[in-house]
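Shown next, in structure tokens, is the structure this report addresses.
Number of protein chains: 6
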Amino acid sequence: MFLDSALREAYESITTATITTILLKKGLRNVALRGPKPLRTWGRLVGPAFTLRFVPAREDLATPASWSSPTSTRGAIEDMPEGVIAVVDAMGVQDAGIFGDILCARMAKRGVTALVTDGALRDIEGVEGTNLPVWCSGVAAPPSVAGLTFVGWQQPVACGGVAVFPDDLMICDRDGAVVVPQALIEEVAELGLEQERLEGWIMKEVQNGAKLPGLYPINDENRARYEAETKKGG
Amino acid sequence: MFLDSALREAYESITTATITTILLKKGLRNVALRGPKPLRTWGRLVGPAFTLRFVPAREDLATPASWSSPTSTRGAIEDMPEGVIAVVDAMGVQDAGIFGDILCARMAKRGVTALVTDGALRDIEGVEGTNLPVWCSGVAAPPSVAGLTFVGWQQPVACGGVAVFPDDLMICDRDGAVVVPQALIEEVAELGLEQERLEGWIMKEVQNGAKLPGLYPINDENRARYEAETKKGG
Amino acid sequence: MFLDSALREAYESITTATITTILLKKGLRNVALRGPKPLRTWGRLVGPAFTLRFVPAREDLATPASWSSPTSTRGAIEDMPEGVIAVVDAMGVQDAGIFGDILCARMAKRGVTALVTDGALRDIEGVEGTNLPVWCSGVAAPPSVAGLTFVGWQQPVACGGVAVFPDDLMICDRDGAVVVPQALIEEVAELGLEQERLEGWIMKEVQNGAKLPGLYPINDENRARYEAETKKGG
Amino acid sequence: MFLDSALREAYESITTATITTILLKKGLRNVALRGPKPLRTWGRLVGPAFTLRFVPAREDLATPASWSSPTSTRGAIEDMPEGVIAVVDAMGVQDAGIFGDILCARMAKRGVTALVTDGALRDIEGVEGTNLPVWCSGVAAPPSVAGLTFVGWQQPVACGGVAVFPDDLMICDRDGAVVVPQALIEEVAELGLEQERLEGWIMKEVQNGAKLPGLYPINDENRARYEAETKKGG
Amino acid sequence: MFLDSALREAYESITTATITTILLKKGLRNVALRGPKPLRTWGRLVGPAFTLRFVPAREDLATPASWSSPTSTRGAIEDMPEGVIAVVDAMGVQDAGIFGDILCARMAKRGVTALVTDGALRDIEGVEGTNLPVWCSGVAAPPSVAGLTFVGWQQPVACGGVAVFPDDLMICDRDGAVVVPQALIEEVAELGLEQERLEGWIMKEVQNGAKLPGLYPINDENRARYEAETKKGG
Amino acid sequence: MFLDSALREAYESITTATITTILLKKGLRNVALRGPKPLRTWGRLVGPAFTLRFVPAREDLATPASWSSPTSTRGAIEDMPEGVIAVVDAMGVQDAGIFGDILCARMAKRGVTALVTDGALRDIEGVEGTNLPVWCSGVAAPPSVAGLTFVGWQQPVACGGVAVFPDDLMICDRDGAVVVPQALIEEVAELGLEQERLEGWIMKEVQNGAKLPGLYPINDENRARYEAETKKGG
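Top to bottom, those sequences are chains A, B, C, D, E and F. Everything in the first sequence is counted per the numbering used here, starting at 176 for the first residue and increasing by one. Everything in the second sequence is counted per the numbering used here, starting at 176 for the first residue and increasing by one. Everything in the third sequence is counted per the numbering used here, starting at 176 for the first residue and increasing by one. Everything in the fourth sequence is counted per the numbering used here, starting at 176 for the first residue and increasing by one. Everything in the fifth sequence is counted per the numbering used here, starting at 176 for the first residue and increasing by one. Everything in the sixth sequence is counted per the numbering used here, starting at 176 for the first residue and increasing by one.
Given below as structure tokens:
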């Protein structure tokens, strides 16, 4: 999927809080991944989902030797286009780190925008050194094979209790990571920009001492005022 | 996968407790599914795994309308050969039933040996009426689409925290469901039969008042006695 | 709330599985209580919700002495009309039993239809002796005051992760307990009866060897056949 | 510890529900084990605690070979006096069975009254065949060494979130298993017998249609009536 | 409730660790909320509890439209007196944020001392911008209506497994949030001040190399020394 | 146990991520404690384990008075040799803090290298003031006796789901805390140093743009190159 720069810019100014409100109004209540949080502050990052999938470890499969099999995380990483957000289904396992510094360094080299997982990272100091933006659920020393077997990429996955399909849009900020289904990407961008504009105006009102009822959510009278003022301002 | 009748018969006499002990001795510690328990008593059932996979529900995908899509549970069921054990990865979700009476009735009609899932069944009274043997983790009224989206079949899956691949062997009894990796099916059958024979002899000794140390695990002296007696007996 | 006998009879023939499917089609995905299961088999029971609410124990409040305060479970029970289903929000606490044999005996005397809770019962043998139908999440010896403080009745409550309001309709069967919002009681009854009729016909088709695609969910051709046959039959 | 037959008989007539109420009045709120439930119905069983302790498995320690070490579960079992209740701290692990049929058979032979654990049993069909009464938290096929390392017996343990010391008294019934600290055994027996007598009288009143307030808990007027009647009766 | 400035000042110098120790000595073991932690460092904050209560979302109730109903979080906020600590029972739900930047800005404007919840906040960057002190259990992008329905304020609530009543006293610091029942506010302040004085003296002794036994807890000899020295110093 | 300075220095340069990979290759998959994370950054700390063990609180045992019993945490602390890492089995309880500032100050005075626990600390601001390095699972105001009873030291313990024996080696860094069984301490040091050297070389290759397959894990060709270059360099 190609994400044009206007869309990317739009999404960079819409909070994940606003995106989830808009999707909820369209009937989608399960779009915010449970678990992944940013390791540190990177602002808001946007990109199409590139999915990876693990199943539980089985000692005959999940071995250091498996790392050189063709269905390996290494193969998946070499397949990642620039600008994607890697979304890794680790079934929420917190006892093993899916990737450490070397794999993250390679992802950064390839221009991957961010890594999102409901699992843990390992060698966290090394990972931070790579400057790859990471939204994860924890940190654990053991290698992935201690708890996980890698089975493939670019399939539908479960990540943090949310379904993610390849080429859905991922948006990640301080609140976490949310997914916008591919078919709704343009519509949500439009509605989101308008919503941010409105909430900015409401926030100014609150800071001037306005009461909440009638203001948020906005009633007809206040909406007229908002439209008048923002037209003037715009 | 075809399971010949000698192997099937062998496994029907080996407890899942014995199978897990044997696999542990070969270094496999994660082969017993966490969650699935038998709805009622059916003895021990054996068959190759036929896998199904769900991801979480997303309201634009998990709808009653999706039930007639080509990638539907209906399509998967019509693809199941006689004698398989269906293993359904429901990510442990207990809020929605993966199947109800109608789907189970069709599976029974097709000669499916058993249904194993880390999720829940629904319309449990109707399901019991179909006589399909079921190992599941719970019972829930809501339809699968309330919590789950079906994404495919005969892929590697996670079920109850264990990796299951198509054509691994499933064995289900009162203790739950365990998987034997395809490459080990013959060897585990042999070792299992011998182990059951030995444990039967030990149990008789215990019932005659023997102490455990030296007997279980067996020391050289007792093993000699066991071999003498069972040779005699055999 | 008064539940007329036609409605009660209708609901007694609609499974909770069917009710949740119908509510899902109307956009309500969170109506099946997580946790409460029947202690034994009582068929399907129906009645308006009469709610009770606990908060966690605080040793200065949750004492045996509190049992004689006016805001006590005793007071709530004496306030229950005949035919209601008591729905008790115990916040899922499994370490203390909300009621034992004496309170259940009094509820049975008063003609309460059933008791539903996301908590535990205590003195379970005595409770069974009272013949009060119970859907609960567990069994625990300690008295309620070991973990819970009673704070009132006929308020909105959370039970098993579902919102229940006084006079919503509760339906309880083998799959668990579900709630129908008061405003939808009549409509769901109608839709439910029709759905049960259709599924009965589909089940017969499956038992005659029909394949699932086109049948369930039903396509136009099969629906025509269904309508023809059931008109004949009706 | 020796439990005289009068005490044993007394406790056999006091429910665990009543025991926890009495201990609560004495300030002990954490005496009912979370998890252990009876495999089937055995009435109420009573005996001094004989404790066993596991820590998590480490592959260099928890091996089938370890079963013949001097610090083994086998050694512990051969050390159990007749009439004790074995209380096994398995840290709530549900992925491995602490004991199977052979060890339970030996415990039954030695006259052990019951086995209580916050872990799981394995080979459950075989265990049932031994007729050893078991209160456990689940059933799992894998051997203990798949998840647990045995480290000793007759030490203080945690079982189901409750502290149990050797020679505390265990009482097990349908509601689960509770512990009475050694120093309180006689006092709790006395108070418990009286409480059961009172609750029996209250239950009769309820069955005759009495209201709860004033009756349960009992007020002065009703207590006078109770004492008059039971004196008469006694 | 009015909290006079001497009491407020006293509590600002007593750690929540000391408060829980004192309440434990008075038999109250369940006064520290599980979950709420400070978003950043604000020192110790003190104020009477102003409670809010949510139940789970039901799609017919928890809608953006509900935000303008009279029983809305907006109404509750406009009802908060200056100096209170808002305590929000979100049943521990981590999938939806109870409040975002606009509502927090309004609370800050109204002089609310702090916000405490066992749920999550949303739009966390915006919330930080309002400078409202927040103790919460997580961060989540979705709006409250994605998981919660607001049902009222100034009722008894459960927050983080602890009962909180309107006008109990809340104290929040780095260790979390604790509640002092209204009847004990004065007594705990006195005992707490004395305890802090004693522990300060003990800490100095430890830093001078004193051993713990006899010192902490303090024996008679050391107490005499403490009293002598602090009298001198005081 | 005495840890010589060469070994200590070696381990200070080996990440816990590398240690767990090496132990996994030797068949040990359960050596990383689940839960304990560093309160702040201290680099990597190494020392022999000195174990402490708690069981759940029972109100007759876990009292402030118990703090002066001979089997008290105070006694255990006075028994700790310089340079050890205290490993405290708190059964993962997060509702009570095992130690506060005074006990941590005494441990720092005695030259304890670090404190590791699957439980919580209390009075966290005070604890930070002592400069004792702490790996814990949380922060809680209540004293240990609110949830825990201390039962002894230098016994085998469970900490974060891992078995730890006295004199095993503990290594703690940003990823958490791991244990090396006593018998493997020398071997793991050697293998670890070599592994760190190899991974350093691989990382440089990645930063120069090398692809992962063939590099990590390393194939024969790359290993030859590595050996040539590092020999040169060494």
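Cβ atoms here follow ideal geometry from the backbone N, Cα and C, with glycine treated the same way. Every value quoted in this text rests on a predicted model; they were computed, and no experiment measured them.
Find the residues of chain A that neighbour residue i, judging by a C-beta separation of less than 7 Å, and give them in chain order.
i                     : result
residue 324 (chain B) : 338
residue 202 (chain B) : 234
residue 377 (chain F) : 277
Determine the contact status of residue i and residue j, defining contact as a CB-CB distance below 8 Å.
i                     : j                     : result
residue 289 (chain B) : residue 334 (chain B) : no
residue 378 (chain E) : residue 280 (chain F) : yes
residue 230 (chain D) : residue 259 (chain D) : no
residue 232 (chain A) : residue 294 (chain A) : no
residue 316 (chain F) : residue 267 (chain F) : no
residue 429 (chain E) : residue 253 (chain F) : The structure shown does not extend to residue 429 (chain E), since chain E is modelled only from 176 through 409, so no value can be given for it.
residue 320 (chain A) : residue 199 (chain F) : yes
residue 161 (chain C) : residue 203 (chain C) : Since the first residue of chain C shown is 176 and the last is 409, residue 161 (chain C) is not available in this structure.
residue 292 (chain C) : residue 251 (chain C) : no
residue 390 (chain C) : residue 380 (chain C) : yes
residue 384 (chain C) : residue 284 (chain B) : yes
residue 318 (chain D) : residue 196 (chain B) : yes
residue 276 (chain F) : residue 305 (chain F) : yes
residue 178 (chain D) : residue 218 (chain D) : no
Measure how close the beta-carbons of residue i and residue j come, nearest whole angstrom, since I'm counting them as under 8 Å.
i                     : j                     : result
residue 243 (chain C) : residue 392 (chain D) : 5 Å
residue 278 (chain A) : residue 248 (chain A) : 6 Å
residue 246 (chain C) : residue 325 (chain C) : 7 Å
residue 356 (chain B) : residue 235 (chain A) : 6 Å
Identify the contact partners of residue i in chain D, using a Cβ-Cβ distance below 7 Å as the criterion.
i                     : result
residue 332 (chain F) : 230
residue 214 (chain B) : The premise fails here: residue 214 (chain B) is roughly 14 Å from chain D at the closest Cβ pair, so nothing lies under 7 Å.
Which residues of chain B have a Cβ atom closer than 7 Å to the Cβ of residue i, listed in chain order?
i                     : result
residue 266 (chain A) : 333
Anything in chain C within Cβ reach of residue i, meaning under 7 Å, just list it in chain order.
i                     : result
residue 297 (chain B) : 192 and 350
residue 404 (chain D) : Under the 7 Å cutoff, chain C gives no residues; its nearest Cβ is about 17 Å from residue 404 (chain D).
Interface residues of chain C around residue i at Cβ under 8 Å?
i                     : result
residue 252 (chain B) : 387
residue 269 (chain B) : 209
Quick one: list the residues of chain F neighbouring residue i, beta-carbon separation under 9 Å, in chain order.
i                     : result
residue 356 (chain D) : 233, 235 and 236
Quick one: what's residue i bridged to in DSSP?
i                     : result
residue 212 (chain C) : C:311
residue 279 (chain A) : Bridge partners of residue 279 (chain A): none, in fact.
residue 328 (chain E) : E:227
residue 144 (chain D) : Nothing can be reported for residue 144 (chain D): it is not among the residues displayed for chain D, which extend from 176 to 409.
residue 264 (chain C) : C:228
residue 346 (chain B) : B:221 and B:353
residue 304 (chain F) : BP columns for residue 304 (chain F) are empty, so no partner.
Along chain F, in chain order, which residues have C-beta atoms closer than 8 Å to that of residue i?
i                     : result
residue 293 (chain A) : Within chain F, no residue comes near residue 293 (chain A); the closest Cβ sits about 16 Å away, beyond 8 Å.
Which residues of chain E have a Cβ atom closer than 8 Å to the Cβ of residue i, listed in chain order?
i                     : result
residue 142 (chain A) : Here chain A comprises residues numbered 176 to 409, so residue 142 (chain A) is not present and cannot be evaluated.
Name, please, each residue of chain C whose Cβ falls closer than 9 Å to the Cβ of residue i.
i                     : result
residue 219 (chain B) : Chain C residues near residue 219 (chain B): none, gap ~26 Å exceeds 9 Å.
residue 353 (chain D) : 316 and 317
Closer than 7 Å by beta-carbon distance: list the chain F residues that pair up with residue i, in chain order.
i                     : result
residue 321 (chain A) : 195, 199 and 204
residue 392 (chain E) : 239, 242 and 243
Please list, in chain order, the chain A residues whose beta carbon lies closer than 8 Å to that of residue i.
i                     : result
residue 381 (chain F) : 277, 280, 281 and 284
Report task. Name, going along the chain, the residues of the segment 235 to 247 of chain C whose beta-carbon falls closer than 9 Å to a beta-carbon of chain E. Result -> Going along the segment 235 to 247 of chain C in chain order, one finds 235, 236 and 237 with a Cβ nearer than 9 Å to chain E.
Query - Interface positions of the segment 272 to 283 of chain F facing chain E (Cβ-Cβ less than 8 Å), listed along the chain - result: Result list: 272, 275, 276, 277, 278, 280 and 281.
Query raised in the report: Any residues in the segment 299 to 313 of chain C with a beta carbon nearer than 7 Å to a beta carbon of chain D? Which ones, in chain order?
Result: If you check each beta-carbon in the segment 299 to 313 of chain C against every beta-carbon of chain D, the ones closer than 7 Å belong to 299 and 300.
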